[in-house]
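Number of protein chains: 2
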Amino acid sequence: MSEFRLIQQYFHRATSKTDLGIGDDAALIRVSQDHQLAISTDMLVAGTHFFQDAAPYDIGWKALAVNVSDMAAMGTQAKWATLTIALPEVNEAWLAEFSKGFFACAEQFNVDLIGGDTTRGPLTISVQIMGEVPTGQAIKRSGAQVGDDIWVSGELGNAALGLAQLQGKVKISEDELTICLNALHTPIPRSALGLALRGIATSCIDISDGLLADLEHILKASSLGATIDLEKVPCIEYFKNNLSNTAIQELLLAGGDDYELCFTAPKTKRETINTLSKQLDLPISNIGAIRLNTGRMDIDLQVNHQNNKIELLKQGFDHFA
Amino acid sequence: MSEFRLIQQYFHRATSKTDLGIGDDAALIRVSQDHQLAISTDMLVAGTHFFQDAAPYDIGWKALAVNVSDMAAMGTQAKWATLTIALPEVNEAWLAEFSKGFFACAEQFNVDLIGGDTTRGPLTISVQIMGEVPTGQAIKRSGAQVGDDIWVSGELGNAALGLAQLQGKVKISEDELTICLNALHTPIPRSALGLALRGIATSCIDISDGLLADLEHILKASSLGATIDLEKVPCIEYFKNNLSNTAIQELLLAGGDDYELCFTAPKTKRETINTLSKQLDLPISNIGAIRLNTGRMDIDLQVNHQNNKIELLKQGFDHFA
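If you read the protein sequences in the order shown, they are chains C and G. By our numbering, the letter at position 214 of the first sequence is numbered 218, and the numbering carries on one by one without gaps. By our numbering, the letter at position 161 of the second sequence is numbered 165, and the numbering carries on one by one without gaps.
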């Protein structure tokens, strides 16, 4: 099968908001007036981001989902994506499933696939996502204010716990395993929440490396500190039952792969946020507060457990550290 | 060295036309009014697109150059890029050189690097390029007309010949080797030509897989046929001296990696194009003409050598065929 037939068969679908899609030297789109274009990109490598033998449907879904998540974190409407992929060989069954998962996510979040590249090589995927936001309204990492509440959506730790189970490091119930593996394999980007947070959140980030690592990005960009309470971090029973165990604390706070949103907002927005939570049928939990950086350290994030500060060694996923 | 310090040190540079660059969940840009945004992307894999031990400066330059070439092919001004890269390890000397080459190209073609991702994995690079073009003025592959001249810029075959020399398949002179290795390692995208062809070229493509394969894209998109004369294809002496040799013909027409532009234009534009050639100090050669597809084949591209049709087995680079 030629490269061109491969693209035609597995990646060329109708678009709904694109002037020129796959098939020329470039795609052409128009950005709405008075809007900025947001662009984000992620690379996923077999063996690092997913198991070599992971279900291709899940890989396809997740490759796009983690990028839609970045758009959500900016309060931005995801609209277009490109996909570059290196394949060790043409395995049509694999491609069909990968494509199915990718486009299932694209359809759910209304994203046009407008371009890309296919090449031979070790299985590596790069997705770039583009979206629009009214000029000036994007939610950045840098806007947190002293006194702001810190919120997280959904539950944290599920994906990391699912992975730990697959690696034989923990033993959880069947029901919890289902939840955890869904979170690991087919995370749902919080797109609707992200859009709804415009004008509410002072800063926002999506949790990919882990709550601590990602909240630290907000603190660094905003030059502030924070204190969070472990007991307030939303999580399933397994975590609640083992909350004093350091290894379990690390899974929850630093395991990563959550794709929930962590954002800050003034206290005056509490009612609005609680209403939003009901409207979206999505838990949104207040886990702590922004304060001044005490000045003793570059990053000042304190985690309390039963009112005592806890120290964690593992800060979050970093490819090279 | 952490992932974040890596990005900061080797990839975070000042931008000149970007609202929000590297450092947040997404970059933010504004597209000029009455312009379309063009987006193109390429993936380069060690061992496929470049030797594992190729000079990192060259890899950096070429990773961006091949993408700027896609913008040129659309008559589009390249403006922004993102870069995702998987690295087997953090080799700072390698990264410093890669970064140097990448930004040398970015500076020459005035491109802002606005985002990306770094991860651990087999050396794989994906660049996405974005540019602007006044709405409706992008040059596509599909506009060729019967009777149009077919033109190519620069010289073809140099990169393929250089590679053939490195592989011990040919023996060329020292001077020619210098030219060929420059073409192979640090191709110059024909950005100025591409922009100047708006309103002149009816179709355009950049030659990456090879003249035949890429011209065929134009023919397929335009539903037309073409005849080209081998003697008119611009090339260095080595090719001219061996033009009857099939293997050499294949290098010239199907070796690929040229990054010259191949475009069509009405005969009435000949003088304009010749003037443009002088202005840009860039050879632009008329190699044949567009005609109707005779209907016998899906793709109807005839190559004449000494007025006789020649048959070539190798059509151009395809990763999977």
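Just so you know, even glycine gets a beta-carbon here, dropped at the ideal spot from N, CA and C. Model, not experiment: these values are computed from the prediction.
Which bits of chain G does residue i rub up against, with CB to CB less than 9 angstroms?
| i | result |
| --- | --- |
| A100/C | What A100/C touches in chain G: nothing, since even the nearest Cβ is about 15 angstroms away. |
| D152/C | Chain G residues near D152/C: none, gap ~18 angstroms exceeds 9 angstroms. |
Please name the residue in the options whose C-alpha comes closest to that of residue i.
| i | options | result |
| --- | --- | --- |
| D261/C | N114/C, D121/C, L160/C and I129/C | L160/C |
| L197/G | Q171/G, W155/G and V174/G | W155/G |
| E136/G | L32/C, A293/C and E241/C | L32/C |
| A30/C | D153/G, M75/G and R274/G | M75/G |
| D152/C | I291/C, F8/C and D304/C | I291/C |
| L255/G | V237/G, P270/G and T268/G | V237/G |
| L305/C | E264/C, A217/C and D46/C | A217/C |
| I303/C | Q283/C, H53/C and L228/C | L228/C |
| R9/C | L41/C, E235/C, E96/C and Q40/C | E96/C |
| A108/G | V72/G, G125/G and T123/G | V72/G |
| A251/G | A100/G, K173/G, D57/G and P60/G | K173/G |
| A69/G | R124/G, I11/G, A58/G and Q132/G | Q132/G |
| R124/C | K244/C, P92/C and I183/C | P92/C |
| Q253/G | E275/G, N114/G and V307/G | V307/G |
| I240/G | I183/G, F54/G, R274/G and E275/G | I183/G |
| H39/C | G140/C, V150/C and S177/C | G140/C |
| Y14/C | F113/C, V94/C and P270/C | V94/C |
| N297/G | V150/G, K244/G, D179/G and E178/G | V150/G |
In chain C, which residues lie with their C-beta within 9 angstroms of the C-beta of residue i?
| i | result |
| --- | --- |
| L167/G | By Cβ distance, chain C contributes nothing, its closest Cβ being about 17 angstroms from L167/G, past 9 angstroms. |
| I118/G | I43 |
May I have the straight-line CA-CA distance separating residue i from residue j, to the nearest angstrom?
| i | j | result |
| --- | --- | --- |
| S289/G | S281/G | 9 angstroms |
| S6/G | N249/C | 27 angstroms |
| T272/G | P138/C | 45 angstroms |
| K313/G | G299/G | 17 angstroms |
| D213/C | N246/C | 22 angstroms |
| K175/C | Y242/C | 10 angstroms |
| Q50/C | E220/C | The question names Gln, but residue 50/C in the sequence shown is Ala. So the two alpha carbons sit approximately 28 angstroms from each other. |
| E264/G | T45/G | 18 angstroms |
| T268/C | E111/C | 30 angstroms |
| Q310/G | E235/G | 8 angstroms |
| I211/C | C266/C | 7 angstroms |
| P193/C | S146/G | 38 angstroms |
| L185/C | A163/C | 6 angstroms |
| L24/C | D121/G | 27 angstroms |
| S195/G | L286/G | 12 angstroms |
| Q169/G | F102/G | 24 angstroms |
| Q12/C | F54/G | 26 angstroms |
| A18/G | A67/C | 29 angstroms |
| H16/C | A59/C | 21 angstroms |
| A100/C | Q56/C | 17 angstroms |
| K144/G | P270/G | 15 angstroms |
| M301/G | R274/G | 30 angstroms |
In chain C, which residues lie with their C-beta within 8 angstroms of the C-beta of residue i?
| i | result |
| --- | --- |
| D28/G | M78, K144, R145, S146 and A225 |
| D210/G | D29 |
For a test of your reading of the model: does the CB of residue i fall under 7 angstroms from any non-hydrogen atom of the ligand ATP? Yes or no.
| i | result |
| --- | --- |
| M134/G | Ligands in the displayed structure: none, and consequently the ligand ATP is not present. |
Quick one: which chain G residues come within Cβ less than 8 angstroms of residue i?
| i | result |
| --- | --- |
| L41/C | L32, I33, R34, V35 and L41 |
Look at residue i and residue j and say whether their C-beta atoms are less than 8 angstroms apart.
| i | j | result |
| --- | --- | --- |
| T206/C | A142/C | no |
| L181/C | G166/C | yes |
| T86/C | I43/G | yes |
| I277/G | I204/G | yes |
| Q81/C | L223/C | no |
| L201/C | G79/C | yes |
| I209/C | A77/C | yes |
| Y90/G | L48/G | Reading off the sequence shown, one finds Ala at residue 90/G, where the question assumed Tyr. Not in contact: A90/G and L48/G (Cβ atoms no closer than 8 angstroms). |
| I63/C | W84/C | no |
| W2/G | T190/G | The question about residue 2/G has no answer, for chain G in this structure spans 5 to 325. |
| K104/G | Y61/G | yes |
| L188/G | A258/G | no |
| V115/G | V35/C | no |
By the criterion of Cβ-Cβ separation under 7 angstroms, what are the contact partners of residue i in chain C?
| i | result |
| --- | --- |
| M75/G | A30 |
| D23/G | Q40 |
Output, in chain order, the set of chain G residues within a Cβ distance shorter than 7 angstroms of residue i.
| i | result |
| --- | --- |
| T86/C | I43, T45 and Q132 |
| A90/C | M47, V49 and T128 |
| D121/C | T45, D46 and M47 |
On the premise that residue j lies in contact with residue i, defined as a C-beta separation below 8 angstroms, what is that separation, rounded to the nearest angstrom?
| i | j | result |
| --- | --- | --- |
| M134/C | L41/C | 6 angstroms |
| R295/G | A230/G | 6 angstroms |
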